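Comments concern the structure below.
Number of protein chains: 2
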Amino acid sequence: MKLNLVDKHQATLDTAVRALHARTFFAHYPENPSPEVYGENADKEGRAKYAAFLNQKFEELLQEDPGGWVGQEESPYEQQALGIKYPYFSPETLVARAEEAYHQWRKVKPVDRAALLVESLERMKTRFFEIAYATMHTTGQAYMMSFQASGPHAADRALEAIASGLEEQTRFPEATEWEKPMGKYNIKLSKSWRAVPKGIGLVIGCSTFPTWNSVPGMYANLVTGNPVIIKSHPKAVLPMAIVVAEVQKVLQENGLNPNICQLAVDADERLITKELAEHPKVKLIDYTGGSDFGNYIEGLKGKTVFTEKTGVNSIILDSVEDLDKVAQNLAFSVNLYSGQMCTAPQNFFIPENGVKVGNEQVPYETVVQKIADAVTGLVNNPKAAPHILGAIQNPATLERVKDAATIKGRQVLSTCDFSHPVFEKARTCTPVIYEVDATEKESYSRELFGPIMLIIKTKDTEQSIELAKEMAMQYGAISCGAYTLDADTKEKIMDEMGLAGTPVSFNLTGGIYVNQNASFSDFHVTGGNPAGNASFTNPEFVVKRFTWVGFREPAMS
Amino acid sequence: MKLNLVDKHQATLDTAVRALHARTFFAHYPENPSPEVYGENADKEGRAKYAAFLNQKFEELLQEDPGGWVGQEESPYEQQALGIKYPYFSPETLVARAEEAYHQWRKVKPVDRAALLVESLERMKTRFFEIAYATMHTTGQAYMMSFQASGPHAADRALEAIASGLEEQTRFPEATEWEKPMGKYNIKLSKSWRAVPKGIGLVIGCSTFPTWNSVPGMYANLVTGNPVIIKSHPKAVLPMAIVVAEVQKVLQENGLNPNICQLAVDADERLITKELAEHPKVKLIDYTGGSDFGNYIEGLKGKTVFTEKTGVNSIILDSVEDLDKVAQNLAFSVNLYSGQMCTAPQNFFIPENGVKVGNEQVPYETVVQKIADAVTGLVNNPKAAPHILGAIQNPATLERVKDAATIKGRQVLSTCDFSHPVFEKARTCTPVIYEVDATEKESYSRELFGPIMLIIKTKDTEQSIELAKEMAMQYGAISCGAYTLDADTKEKIMDEMGLAGTPVSFNLTGGIYVNQNASFSDFHVTGGNPAGNASFTNPEFVVKRFTWVGFREPAMS
Numbered sequence: 317m318k319l320n321l322v323d324k325h326q327a328t329l330d331t332a333v334r335a336l337h338a339r340t341f342f343a344h345y346p347e348n349p350s351p352e353v354y355g356e357n358a359d360k361e362g363r364a365k366y367a368a369f370l371n372q373k374f375e376e377l378l379q380e381d382p383g384g385w386v387g388q389e390e391s392p393y394e395q396q397a398l399g400i401k402y403p404y405f406s407p408e409t410l411v412a413r414a415e416e417a418y419h420q421w422r423k424v425k426p427v428d429r430a431a432l433l434v435e436s437l438e439r440m441k442t443r444f445f446e447i448a449y450a451t452m453h454t455t456g457q458a459y460m461m462s463f464q465a466s467g468p469h470a471a472d473r474a475l476e477a478i479a480s481g482l483e484e485q486t487r488f489p490e491a492t493e494w495e496k497p498m499g500k501y502n503i504k505l506s507k508s509w510r511a512v513p514k515g516i517g518l519v520i521g522c523s524t525f526p527t528w529n530s531v532p533g534m535y536a537n538l539v540t541g542n543p544v545i546i547k548s549h550p551k552a553v554l555p556m557a558i559v560v561a562e563v564q565k566v567l568q569e570n571g572l573n574p575n576i577c578q579l580a581v582d583a584d585e586r587l588i589t590k591e592l593a594e595h596p597k598v599k600l601i602d603y604t605g606g607s608d609f610g611n612y613i614e615g616l617k618g619k620t621v622f623t624e625k626t627g628v629n630s631i632i633l634d635s636v637e638d639l640d641k642v643a644q645n646l647a648f649s650v651n652l653y654s655g656q657m658c659t660a661p662q663n664f665f666i667p668e669n670g671v672k673v674g675n676e677q678v679p680y681e682t683v684v685q686k687i688a689d690a691v692t693g694l695v696n697n698p699k700a701a702p703h704i705l706g707a708i709q710n711p712a713t714l715e716r717v718k719d720a721a722t723i724k725g726r727q728v729l730s731t732c733d734f735s736h737p738v739f740e741k742a743r744t745c746t747p748v749i750y751e752v753d754a755t756e757k758e759s760y761s762r763e764l765f766g767p768i769m770l771i772i773k774t775k776d777t778e779q780s781i782e783l784a785k786e787m788a789m790q791y792g793a794i795s796c797g798a799y800t801l802d803a804d805t806k807e808k809i810m811d812e813m814g815l816a817g818t819p820v821s822f823n824l825t826g827g828i829y830v831n832q833n834a835s836f837s838d839f840h841v842t843g844g845n846p847a848g849n850a851s852f853t854n855p856e857f858v859v860k861r862f863t864w865v866g867f868r869e870p871a872m873s
Numbered sequence: 317m318k319l320n321l322v323d324k325h326q327a328t329l330d331t332a333v334r335a336l337h338a339r340t341f342f343a344h345y346p347e348n349p350s351p352e353v354y355g356e357n358a359d360k361e362g363r364a365k366y367a368a369f370l371n372q373k374f375e376e377l378l379q380e381d382p383g384g385w386v387g388q389e390e391s392p393y394e395q396q397a398l399g400i401k402y403p404y405f406s407p408e409t410l411v412a413r414a415e416e417a418y419h420q421w422r423k424v425k426p427v428d429r430a431a432l433l434v435e436s437l438e439r440m441k442t443r444f445f446e447i448a449y450a451t452m453h454t455t456g457q458a459y460m461m462s463f464q465a466s467g468p469h470a471a472d473r474a475l476e477a478i479a480s481g482l483e484e485q486t487r488f489p490e491a492t493e494w495e496k497p498m499g500k501y502n503i504k505l506s507k508s509w510r511a512v513p514k515g516i517g518l519v520i521g522c523s524t525f526p527t528w529n530s531v532p533g534m535y536a537n538l539v540t541g542n543p544v545i546i547k548s549h550p551k552a553v554l555p556m557a558i559v560v561a562e563v564q565k566v567l568q569e570n571g572l573n574p575n576i577c578q579l580a581v582d583a584d585e586r587l588i589t590k591e592l593a594e595h596p597k598v599k600l601i602d603y604t605g606g607s608d609f610g611n612y613i614e615g616l617k618g619k620t621v622f623t624e625k626t627g628v629n630s631i632i633l634d635s636v637e638d639l640d641k642v643a644q645n646l647a648f649s650v651n652l653y654s655g656q657m658c659t660a661p662q663n664f665f666i667p668e669n670g671v672k673v674g675n676e677q678v679p680y681e682t683v684v685q686k687i688a689d690a691v692t693g694l695v696n697n698p699k700a701a702p703h704i705l706g707a708i709q710n711p712a713t714l715e716r717v718k719d720a721a722t723i724k725g726r727q728v729l730s731t732c733d734f735s736h737p738v739f740e741k742a743r744t745c746t747p748v749i750y751e752v753d754a755t756e757k758e759s760y761s762r763e764l765f766g767p768i769m770l771i772i773k774t775k776d777t778e779q780s781i782e783l784a785k786e787m788a789m790q791y792g793a794i795s796c797g798a799y800t801l802d803a804d805t806k807e808k809i810m811d812e813m814g815l816a817g818t819p820v821s822f823n824l825t826g827g828i829y830v831n832q833n834a835s836f837s838d839f840h841v842t843g844g845n846p847a848g849n850a851s852f853t854n855p856e857f858v859v860k861r862f863t864w865v866g867f868r869e870p871a872m873s
């Protein structure tokens with residue numbers, strides 16, 4: 317197997333490995349979709365290419381002899397079917413092809429695999445705009461998020477996984493001479509080690525972040541020599557179909573079996589995720605989605621599993637410098653993609669005696685009203701709102717917002733009506749806000765996925781911390797935002813939320829939000845609470861995908 | 317918390333971390349028990365100290381207010397009770413004390429923890445000879461193995477775990493400034509990360525290698541900030557009791573809670589291992605022992621588990637240079653501690669048309685006879701045999717040897733009688749050898765723990781490899797020995813056994829044996845087959861014991 321992509325991408329790989337360790341800002345793929353960065357016609361061409369996919373068979377994949385053509389995507393902006401059909405393959409076919417490909421791919425050297433995978437990301441880059449429109453019209457994300465999250469940010473997270481996987485596999489010498497003094501003589505052994513990939517990987521995607529949440533596991537599997545089957549969510553296939561197609565082309569161009577990376581879709585009458593997950597040849601599973609299915613995945617025997625499930629994210633308000641800026645920052649966080657991010661805050665803990673602002677104690681009611689006003693202000697800003705809110709991916713989310721009206725507490729904002737200025741049929745919903753008492757645990761101790769904010773009145777910040785920690789430990793949490801100017805309170809929050817395995821953003825105002833996690837710097841999900849058992853991308857995320865096996869023999873001397 | 321041991325042990329830690337990566341020979345603790353190394357009277361004093369423990373309460377532990385005094389050890393050499401009583405504590409008491417100690421220990425910096433733990437190993441070193449006699453008279457190991465495995469080799473594996481844990485926790489910066497260009501302005505964040513330990517660790521020891529198999533998990537837990545409860549096997553408590561006592565003394569001398577490391581023993585009427593393992597506060601479990609209990613441990617929800625269970629180890633004989641030397645090497649491997657090592661070979665695959673020796677094809681029967689003769693020769697060597705065989709730890713092992721007579725095949729060596737020249741009451745048994753056909757899978761597809769060798773007649777080396785791989789994948793394997801002079805066959809064995817997650821030693825003759833695994837160079841158990849899910853000491857062994865949690869806030873600028 318001769319690959320010649322290492323020279324081309326060595327510098328990128330070296331930089332990425334350094335970035336993993338520096339944890340300062342690093343982005344390989346520009347997040348700015350402007351013509352200066354991506355070219356004059358990039359957006360226009362991307363949009364046209366997306367449009368050309370509609371109501372057609374998706375024929376770019378190099379997977380042969382499909383058993384049928386299926387598709388069930390629909391646009392949350394237009395509330396009508398995309399009409400794209402993908403090739404269907406039975407689980408037996410997918411696994412058999414992956415198994416065959418495995419024995420080719422595992423013999424490619426880690427650095428060659430890494431270079432080839434970087435090449436695939438460079439190809440993906442040429443398709444960021446298509447992927448953006450595909451993401452918009454499957455997830456309901458607004459354009460900018462669709463571009464950034466599914467394009468450059470996803471590619472950076474993939475690059476991070478490649479870098480981490482390459483580093484872990486090359487961290488120990490491939491071979492060494494071992495000489496042990498025995499007194500009168502020395503024992504001399506030649507030793508060598510191989511990082512043996514575990515086998516077929518399955519990546520189960522979600523409907524809200526189809527590429528960002530899928531490529532880390534996908535590339536982590538691939539760089540460590542495991543073939544991978546991408547089982548996208550049936551409502552959000554196109555973004556990953558494009559990525560998989562690019563990977564397959566690079567594989568084939570380099571004389572490799574394109575089935576090293578396969579796309580899997582459900583037939584209408586045969587849901588294949590469980591069949592794939594339970595197949596004894598499937599050794600690795602990456603899963604993003606709801607907790608019920610996630611717990612089932614974690615419970616499967618004989619699998620190495622990486623999950624990101626649901627969580628209950630908290631905001632702790634103790635003391636701030638500028639309450640208006642804080643309210644605006646929080647309002648943005650809950651409006652962003654209408655609360656459909658796994659990192660979106662849900663539970664806002666505010667002490668009953670209010671929040672200290674500078675030297676003044678601002679009453680609880682005033683704080684609540686400021687936040688509600690900031691949410692309303694943003695929603696009513698016609699220049700900003702449509703670009704922040706996007707649309708609602710799943711009709712069930714609208715039902716959930718409606719059901720929230722039964723929460724035992726006070727309604728602060730109860731309507732979510734919003735007319736999208738461009739897509740008149742868009743399924744939309746702006747944040748609703750309910751106030752509940754700290755004693756009403758049942759109301760706030762579960763994830764209410766979507767644009768639902770709960771304001772929880774606590775005795776004091778002590779209780780706010782205690783409840784935020786309890787929620788995270790019992791129901792999981794992926795993010796936490798805390799506002800305090802007191803050093804002891806800050807340390808207490810770090811300590812307690814640390815024990816709950818929850819990262820904390822302190823005192824964010826301006827253009828940075830608790831929802832955002834940067835590759836090469838922020839671990840995403842910790843694995844330390846029920847929201848998931850894995851993290852993008854700490855070393856565990858890649859080392860569990862292969863086995864170190866040692867070989868030794870007497871040295872020739 | 318001010319600790320001042322870092323200066324004292326920094327050089328040792330640095331050397332150990334380098335050794336982890338070099339994987340050349342490194343041993344910090346000398347394995348030679350000679351007076352020149354350990355002092356004129358070290359052995360004599362150690363023996364006297366061991367004798368002084370007999371029929372007494374073990375009062376060195378700093379665990380207060382025991383609920384009783386219990387002990388059930390007996391010497392396999394003397395077949396009589398040691399009469400040592402250990403303090404008993406209920407699982408609730410052990411967990412409550414560990415939980416309290418956790419919140420002190422987790423706040424000690426990783427490098428301080430590491431230095432303190434090295435100090436404890438230095439104290440352990442002063443007690444290697446006591447530990448050796450304690451090991452002899454609980455496990456039945458011969459003196460030399462008792463000294464080496466339970467003393468210097470165990471301490472080196474502990475040091476390896478400390479080094480690995482320290483490196484992983486200090487691999488990323490504690491804090492960094494993150495500055496993201498946004499066009500007209502930059503977003504500046506101060507970020508920091510903490511390695512948050514997972515919680516209480518439980519280490520469940522075995523009866524044959526009480527310290528060597530327990531200290532890696534124990535020290536890996538401790539260096540990553542987790543308190544640990546050492547639940548030794550009821551028949552082999554004393555070796556670890558001495559180690560725990562030394563750790564507790566070092567903790568107390570440094571102002572720390574000795575309950576950071578506790579010893580747990582069963583009361584006669586209350587077996588506490590399951591209660592401890594199932595306790596919701598116990599987050600980490602290290603287990604060495606039989607597969608049934610190991611599978612139960614692996615199946616517990618909400619625990620991070622590291623297991624070493626049973627396996628079926630193979631020898632593949634294809635072609636050799638000197639058959640006599642090979643036979644002698646293999647005879648030593650099966651005689652060593654009467655086959656009671658987890659790395660001892662059991663299944664010897666020999667092709668029906670024999671083995672190529674240089675240019676000559678030596679018939680199958682001749683090969684079998686050579687091996688049997690080598691075993692008998694070693695057993696009948698009065699100067700060597702007692703020092704190699706040791707005694708049989710568990711009466712059930714003798715029963716297993718007896719039951720082996722029912723194996724469907726030919727008896728090659730069927731008696732295991734052996735009179736120990738020093739301990740006339742010793743429970744002994746030398747290897748028995750049965751020949752079975754490759755078709756009789758039932759006979760050889762399980763671990764027959766103890767001095768039982770099976771010679772399996774195969775069609776050819778191809779079949780030998782296939783069966784060795786199948787055994788490893790289905791029933792687990794911790795070691796494999798292969799003899800071949802053919803490069804293609806060697807590569808095939810590496811590839812196939814690699815897929816079965818089994819390390820292979822090729823063409824060993826002379827003073828190095830398939831059973832032996834060196835710290836800082838050989839991974840012990842791979843985690844890649846049913847013999848266990850963990851490995852001493854690859855990075856996974858320590859990174860799974862803590863969670864990376866990140867914190868960020870706007871940078872002061």
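Those sequence lines, one after another, are chains A and P. 317 is the number of the first residue of the first sequence in our numbering; add one for each residue after it. 317 is the number of the first residue of the second sequence in our numbering; add one for each residue after it. We treat Cβ as the ideally placed atom computed from N, Cα and C, and that holds for glycine. Because the structure is a prediction, the values reported are computed rather than measured.
**Asked** Taking only beta-carbon atoms, is Arg762(A) less than 8 angstroms away from chain P?
**Response** no
Original post:
Near Pro349(A), what residues of its chain come up, given a Cβ to Cβ distance below 6 angstroms and the 5 sequence neighbours on each side ignored?
Top reply: Phe463
query = Which residues in the same chain as Ala667(P) place their Cβ atom closer than 6 angstroms to its Cβ, once the five residues preceding and following it in sequence are excluded?
reply = Strictly speaking, residue 667(P) in this sequence is Pro, with Ala absent from that position. Cβ within range, chain order: Thr774, Asp776, Thr777.
- Query: Do we get a CB-CB distance below 8 angstroms when we pair Lys860(A) with the residues of chain P?
  - Reply: yes
query = How long is the line joining the alpha carbons of Cys796(A) and Tyr535(A), rounded to whole angstroms?
reply = 28 angstroms
Positions along the region 806 to 839 of chain P whose CB lies within less than 8 angstroms of some CB in chain A: Met810, Met813, Gly814, Leu815, Gly817, Thr818, Pro819, Val820, Ser821, Phe822, Asn823, Leu824, Thr825, Gly826, Gly827, Ile828, Ala834, Ser837, Asp838, Phe839
Listing by chain order, which chain A residues have their CB less than 9 angstroms from the CB of Thr492(P)?
Ala338, Arg339, Thr340, Ser837
Inset, instruction - Mind listing the chain P neighbours of Trp864(A)? Cutoff is C-beta to C-beta under 8 angstroms, in chain order. - result: By Cβ distance, chain P contributes Phe839, Thr842, Ser851, Asn854.
Q | With 16 other Cβ atoms within 10 Å as the buried cut-off, status of Pro596(A) | A | Here Pro596(A) is exposed: its Cβ has fewer than 16 other Cβ atoms, across all protein chains shown, within 10 Å.
Review point. Whose Cβ in chain A lies nearer than 9 angstroms to the Cβ of Val598(P)?
Key: Neighbours of Val598(P) on chain A: none; closest Cβ ~15 angstroms, over 9 angstroms.
Please classify Leu370(P): does DSSP put it in a helix, a strand, or coil? coil
Subject >> Whole-angstrom distance between Val322(A) and Gly456(A), CA atom to CA atom >> reply: 38 angstroms
Query raised in the report: How many whole angstroms separate the CB atoms of Lys718(A) and Gln395(A), which I take to be in contact at a CB cut-off of 8 angstroms?
Result: Actually they do not touch by this definition, with Cβ atoms about 17 angstroms apart.
- Message: Is Leu398(P) near the ligand ATP - that is, is its Cβ less than 7 angstroms away from at least one heavy atom of it?
- Response: Ligands in the displayed structure: none, and consequently the ligand ATP is not present.
Checklist line | Nearest-angstrom beta carbon gap, Phe852(A) and Phe867(P) [assumed within contact, 8 angstroms] | finding: Not really, about 17 angstroms apart at Cβ, beyond 8 angstroms.
### Query
What runs of the beta strand (DSSP E), each 3 residues or longer, lie entirely inside the region 522 to 609 of chain P?
Listed in chain order, the complete beta strand (DSSP E) runs (minimum 3 residues) inside the region 522 to 609 of chain P are 544 to 547, 577 to 580, 598 to 604.
Original post:
Below 8 angstroms between beta carbons: does that hold for Tyr799(P) and Val642(P)?
Top reply: yes
query: Could one say the Cβ of Met498(P) lies closer than 8 angstroms to chain A's Cβ atoms, at least one of them?
result: yes
| field | Pair within 8 angstroms by beta-carbon distance, Ala580(A) and Ile546(A) | value | yes
Asp753(A): first and last residue of the uninterrupted beta strand (DSSP E) it sits in:
748 to 753
- Item | Distance between Gly515(P) and Pro737(A) (C-alpha atoms, nearest Å) | Between Pro737(A) and Gly515(P), the C-alpha separation is close to 52 angstroms.
Do you know whose CA, among Glu435(A), Val691(A), Leu398(A), lies nearest Lys551(A)'s CA? Leu398(A)
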